[in-house]
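Visitor: Protein chains in written order, with the UniProt record's numbering: chain A, 1 to 347; chain B, 1 to 347.
Protein chains: 2
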Amino acid sequence: MTSRTPRKSRSTSGIAASANGPSASSISAVAALAGVSTATVSRVLNRSKPVNAETQQRVEAAVSQLGYRANPFARSLTSGESRLILVLTPDFLNPFFAEIVQGIESVTRRSGYSILLSQASDTAPLDTVYERLVDGVISLAHLRDPKALSGTDRKHNLPWVACSEFRPDDDIPYVSIDHRQGAIDAVQYLLNRGHRRIALLTAAEDYTWARQRRIGYEETLRRAGLTVDPALIRVARGTEYADGIEAVGGLLSLQDLPTAIFAVADTLAIGAIKALRRAGRRVPEDVAVVGFDNLHLAQVFEPSLTTIAQPMRELGQAAVELLLGQLAGEKPVSRMLPHTLVVRESG
Amino acid sequence: MTSRTPRKSRSTSGIAASANGPSASSISAVAALAGVSTATVSRVLNRSKPVNAETQQRVEAAVSQLGYRANPFARSLTSGESRLILVLTPDFLNPFFAEIVQGIESVTRRSGYSILLSQASDTAPLDTVYERLVDGVISLAHLRDPKALSGTDRKHNLPWVACSEFRPDDDIPYVSIDHRQGAIDAVQYLLNRGHRRIALLTAAEDYTWARQRRIGYEETLRRAGLTVDPALIRVARGTEYADGIEAVGGLLSLQDLPTAIFAVADTLAIGAIKALRRAGRRVPEDVAVVGFDNLHLAQVFEPSLTTIAQPMRELGQAAVELLLGQLAGEKPVSRMLPHTLVVRESG
DNA sequence: CTGAAAGCGCTTACAG
DNA sequence: CTGAAAGCGCTTACAG
């Protein structure tokens, strides 16, 4: 808020506000200067109703002369909308989410909405202030019951879009790639390259995307007549590099090492490569590694990563469009975006 | 906003609001249920004035029964504060900023403030809606005139803290490391290792930190009796990996290659290493590389990065504390936090 | 096309 | 300790 001066007197009438020290001018100051009512100023500002051209010019002149911008609290209190969208992400540190947010921002910026970015995790539950502040939510995070941020939310029916992390059986609209198919493509690629002992480096399965990718992995192995060896499935604690390093540790003590690892995130793949190298293994000569996401880092890391590319910007953009559609009263239709296999050095 | 139902009738009195379909209940509904006035409910909610213990319990019971949460717009409109802080970052993709934001969040979360995260750049100027929405700003970004987000801001005197990117001669309080000294430590380290031809990979100098680090670089060379060779100073377009790769390109065509590169960001250092490798140079054997920041990636990348470590979480935390102090009426005192040299494989 | 006025949901002097 | 009521700065039927 730009005006922090507490209200002093209850007798301050509209026009006097413009003399209110360094505080922002109010709509009544603009009205007075332009010689019109506040209703007219409001109409000009919001283009909500036709206004005489000459009147409009006077108002606009007054607005710019006073440097007036509407008080968003007053506006939202009356209009019932804030033009604010909450973006819920599990982790600011994972570049995957950052890229999606870039996509989200590119659309909101030109549609008059602003975003409010928040990290959501089970340990640090969502700030409930946000819920009543925003017109809708785009969630990249996993929430036990997404619709129930806090007790009362189910009732309030906050418009909601799931991005990448979604539940197919839910009624929440979503935008995502086909995680299962992405995993199938990755594992099939490794099979085609002659690998038969393929490990899976995955994340905690409260994430749908992790579960779906595991299913794709297992399905592909079975379809190829191979058995799924539980010893070759490693679950990382999170998706940071260190989590990948740690999770792969157990693999290295196996007598019969896998010849390939499919990691469900590029960050985990990079951690895996690091761990393999520390153990004196070469990638891809001794062990091939395939990642998921295609972060910018994937082509810079050495060896560069073979990975499943997600259209991250497009995911973000599509999520906003879906949400904005909902806000406009359209019925949401979920979308699957295409992924691609990018072959580089690591596998 | 959770209640999107437009107001239908002007005769809806307070209590009726609770029957208002699926919308959030209002303070008058709570008051009615508890058998007190809205003033008393407000006092209980904000602990702003003593309330009889038994009354308080009745109010609290009503609040939880109705799942009531205050409408933040109405609250802010009257109270004059939003408990929202704007965090301005140049680039979501650079993990350096993500780590600082983590630090910021850890403090705001427990102090009742929420953050609003926005990317600011010259090409995409700040969303002016934010300015009137927040109680204060923490900026990691470079702005020509930080106090003048838009025309009228100077007047409004939005409390402001600069984090890492600051101007020593400004009156804006800041939290940062000593960029010049960090560069001195990096370059001196390379000199101590016997390097005499040390290149600088820097960023556009509208960033103070980039300018300060160049100054430290030049100073250290001169103090060692060396001349500064302009051919060895490369300015990257941004701070992404690709910018580092591109900027180092020119260096590689030099007849007399440097034996070391000091990059003013880890992301640039990684780009530089990538470019060197592509050109068939070994790091550190042919060319040593020292970075800046100490991202998580710095110890995972191969070769791991020798770098100047910034206390990123602490920078974020200190920035919030400084801003909150200002909001509480304290006079801000800027702080310099310590950095350290971390020696690893790259140089 | 325009204005007077009610109302959005809170907080806070003011007066008990 | 508590309540009636004004006021925060907007928007929007309603009535010209």
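C-beta atoms are modelled at their ideal positions from N, C-alpha and C, and glycine is treated no differently. All figures in this text were calculated on a predicted structure; none of them were measured in a lab.
Taking beta-carbon pairs under 8 Å, can you tell me which members of the stretch 221-246 of chain B lie near chain A?
Guide: Hits within the stretch, in order: GLU240, TYR241, ALA242 and ILE245.
Visitor: Taking only runs that begin and end inside the stretch 312-344 of chain B, name each unbroken beta strand (DSSP E) of 3 or more residues, in chain order.
Guide: Listed in chain order, they are 335-337 and 340-342.
Visitor: Since A:ILE270 meets chain B, which of its residues come closer than 7 Å, beta carbon to beta carbon?
Guide: As a working note, residue 270 of chain A is residue 270 in the first sequence. Those are VAL300, listed as they occur along chain B.
Visitor: Would you list, in sequence order, the uninterrupted beta strand (DSSP E) runs of no fewer than 3 residues that lie entirely inside the stretch 19-103 of chain A?
Guide: Segments of the beta strand (DSSP E) lying fully in the stretch 19-103 of chain A: 84-89.
Visitor: In whole angstroms, give me the CA-to-CA distance for B:ASN192 and B:GLY182.
Guide: Position 192 of the second sequence holds residue 192 of chain B. Position 182 of the second sequence holds residue 182 of chain B. Those two C-alpha atoms are separated by around 15 Å.
Visitor: In its own chain, which residues sit with a C-beta less than 8 Å from the C-beta of B:GLU205, not counting the 5 before and 5 after it?
Guide: To locate residue 205 of chain B, count along the second sequence from 1; it is residue 205. Counting only Cβ-Cβ distances below 8 Å, and skipping sequence neighbours, we find ARG211, ARG214 and VAL235.
Visitor: I need the straight-line Cα distance from A:PRO332 to A:VAL175, nearest angstrom please.
Guide: Here residue 332 of chain A refers to the residue found at position 332 of the first sequence. Here residue 175 of chain A refers to the residue found at position 175 of the first sequence. If I take the Cα positions, the gap works out to 11 Å.
Visitor: Over the uninterrupted alpha helix (DSSP H) stretch that includes B:GLN188, give me the two end residues.
Guide: Numbered from 1 along the second sequence, position 188 holds the residue referred to as residue 188 of chain B. Note, B:GLN188: alpha helix (DSSP H), 179-192.
Visitor: Give the DSSP bridge partners of A:PHE262, in chain order.
Guide: Residue numbering aside, residue 262 of chain A sits at position 262 when the first sequence is read from its first letter. Bridge partners of A:PHE262: A:LEU200 and A:VAL290.
Visitor: Assuming A:VAL342 contacts A:ASN294 under a Cβ cut-off of 8 Å, what Cβ separation, rounded to an integer in Å, is found between them?
Guide: Walking along the first sequence from the start, residue 342 of chain A turns up at place 342. Walking along the first sequence from the start, residue 294 of chain A turns up at place 294. Yes, they are in contact, since the Cβ atoms of A:VAL342 and A:ASN294 sit about 6 Å apart, within 8 Å.
Visitor: Are the beta-carbon atoms belonging to A:GLY291 and A:LEU190 less than 8 Å from one another?
Guide: Here residue 291 of chain A corresponds to residue number 291 of the first sequence, with the count starting at 1. Here residue 190 of chain A corresponds to residue number 190 of the first sequence, with the count starting at 1. For A:GLY291 and A:LEU190, no; Cβs fall outside 8 Å.
Visitor: Just to confirm the assignment, what range does the beta strand (DSSP E) spanning B:ALA236 have?
Guide: Position 236 of the second sequence, counted from the start, is the residue given in the question as residue 236 of chain B. 233-236 is the span of the beta strand (DSSP E), which, as asked, contains B:ALA236.
Visitor: Output, in sequence order along the chain, the residues in the stretch 297-329 of chain A whose CB is closer than 8 Å to any CB in chain B.
Guide: Against chain B - using a Cβ distance shorter than 8 Å - the residues of the stretch 297-329 of chain A are LEU297, VAL300, PHE301 and GLU302.
Visitor: Going by alpha carbons, who is nearest to A:ALA203 out of A:ALA242, A:ASP169, A:ASP170 and A:LEU221?
Guide: As a first step, residue 203 of chain A must be located in the first sequence, where it is residue number 203. The residue with the shortest Cα to Cα distance from A:ALA203 is A:ALA242.
Visitor: Quick one: is B:LEU254 buried, meaning 16 or more other Cβ sit within 10 Å of its Cβ, or exposed?
Guide: In the second sequence, the residue the question calls residue 254 of chain B occupies position 254. B:LEU254 comes out exposed.
Visitor: For the alpha helix (DSSP H) holding B:LEU252, just list the boundary residues, first then last.
Guide: Position 252 of the second sequence holds residue 252 of chain B. Looking at the DSSP string, the run of the alpha helix (DSSP H) that includes B:LEU252 is 241-252.
Visitor: Check whether chain B comes within 8 Å of A:ARG43, counting only Cβ atoms and requiring the distance to be less than that.
Guide: Taking the first sequence and counting its residues from 1, the one referred to as residue 43 of chain A is at position 43. Not closer than 8 Å to any Cβ of chain B, the Cβ of A:ARG43 fails to qualify, so no.
Visitor: At the 8 Å Cβ level, is B:PHE292 part of the contact set with chain A, yes or no?
Guide: As a position in the second sequence, residue 292 of chain B is number 292, starting the count at 1. No, no contact with chain A.
Visitor: Please tell me whether, using a cut-off of 7 Å, the distance from the CB of A:LYS49 to the nearest non-hydrogen atom of the ligand ADP is below it.
Guide: With respect to the ligand ADP, the structure shown offers nothing to examine, as it has no ligands at all.
Visitor: Beta-carbon within less than 7 Å of B:LEU93's beta-carbon, same chain only, minus the 5 sequence neighbours each way: which residues are those?
Guide: Residue mapping note: residue 93 of chain B aligns to position 93 of the second sequence, counting from 1. Contacts found: GLU240.
Visitor: Does A:ALA61 pass the burial test, meaning 16 or more other C-beta atoms within 10 Å, or should it be called exposed?
Guide: Looking up residue 61 of chain A in the first sequence gives position 61. With fewer than 16 Cβ atoms within 10 Å of its Cβ, A:ALA61 is classed as exposed.
Visitor: Which one or two residues does DSSP pair with B:THR307 in a beta bridge?
Guide: For the purposes of this step, residue 307 of chain B is taken as residue 307 along the second sequence, with counting starting at 1. Bridge partners of B:THR307: B:GLY291 and B:VAL342.
Visitor: Assign A:MET312 to one of two classes, buried (16 or more other C-beta atoms within 10 Å of its C-beta) or exposed (fewer than that).
Guide: By one-based count along the first sequence, residue 312 of chain A stands at place 312. Buried is the call here.
Visitor: Name the two residues that bound the continuous beta strand (DSSP E) containing B:GLY136.
Guide: Position 136 of the second sequence, counting from 1, holds the residue named residue 136 of chain B. 136-139 is the span of the beta strand (DSSP E), which, as asked, contains B:GLY136.
Visitor: Whole angstroms is fine: what's the gap from A:SER64's alpha carbon to A:ARG47's?
Guide: As a position in the first sequence, residue 64 of chain A is number 64, starting the count at 1. As a position in the first sequence, residue 47 of chain A is number 47, starting the count at 1. Rounded to whole angstroms, A:SER64 to A:ARG47 spans 16 Å at the Cα level.
Visitor: Quick check: is the beta carbon of A:LYS274 nearer than 8 Å to any beta carbon in chain B?
Guide: Position 274 of the first sequence holds residue 274 of chain A. It does; some Cβ of chain B falls within 8 Å.
Visitor: Using 8 Å as the limit for Cβ to Cβ distance, is B:ASN46 near chain A?
Guide: Here residue 46 of chain B corresponds to residue number 46 of the second sequence, with the count starting at 1. With 8 Å as the cut-off, B:ASN46 does not count as an interface residue toward chain A.
Visitor: Can you pull the chain B residues whose beta carbon is under 9 Å from the beta carbon of A:SER114, in chain order?
Guide: Residue mapping note: residue 114 of chain A aligns to position 114 of the first sequence, counting from 1. Correct list: LEU116, SER118, ASP127, VAL129, TYR130 and LEU133.
Visitor: Counting along the chain, where does the alpha helix (DSSP H) carrying A:LEU221 start and finish?
Guide: For the purposes of this step, residue 221 of chain A is identified with residue 221 of the first sequence, where counting begins at 1. First-last of the alpha helix (DSSP H) with A:LEU221: 208-223.
Visitor: Given a threshold of 16 other Cβ atoms within 10 Å of its Cβ, counted over all protein chains shown, does B:ARG237 qualify as buried or as exposed?
Guide: Taking the first residue of the second sequence as 1, we reach residue 237 of chain B at position 237. Exposed, since its Cβ has fewer than 16 Cβ neighbours within 10 Å.
Visitor: Between which two residues does the beta strand (DSSP E) containing A:ILE115 stretch?
Guide: Counting from one through the first sequence, the residue named residue 115 of chain A turns up at place 115. Element bounds for A:ILE115: 114-119.
Visitor: With distances taken Cα to Cα, identify the nearest neighbour of A:ASN71 among A:SER42, A:GLY271, A:ILE85 and A:LYS49.
Guide: The sequence position of residue 71 of chain A within the first sequence is 71, counting from 1. Closest option to A:ASN71, Cα to Cα, is A:SER42.
Visitor: In its own chain, which residues sit with a C-beta less than 6 Å from the C-beta of B:VAL228, not counting the 5 before and 5 after it?
Guide: Position 228 of the second sequence holds residue 228 of chain B. Around B:VAL228: GLU218 and LEU221.
Visitor: When you check each C-beta in the UniProt domain "HTH lacI-type" (25-79) of chain B against every C-beta of chain A, which residues fall closer than 9 Å?
Guide: If the cut-off is 9 Å between Cβ atoms, the UniProt domain "HTH lacI-type" (25-79) of chain B has SER25, SER64, LEU66, GLY67, TYR68, ARG69, ALA70, ASN71, PRO72, PHE73, ALA74, ARG75, SER76, LEU77, THR78 and SER79 near chain A.
Visitor: At a cut of 8 Å, does the stretch 73-93 of chain A reach the stretch 71-90 of chain B through at least three beta carbon pairs?
Guide: Yes: at least three Cβ pairs fall under 8 Å.
Visitor: Quick one: which chain A residues come within Cβ less than 7 Å of B:PHE92?
Guide: For the purposes of this step, residue 92 of chain B is taken as residue 92 along the second sequence, with counting starting at 1. Ordered by position in chain A, the residues that pass the 7 Å Cβ test against B:PHE92 are ALA98, VAL101 and GLN102.
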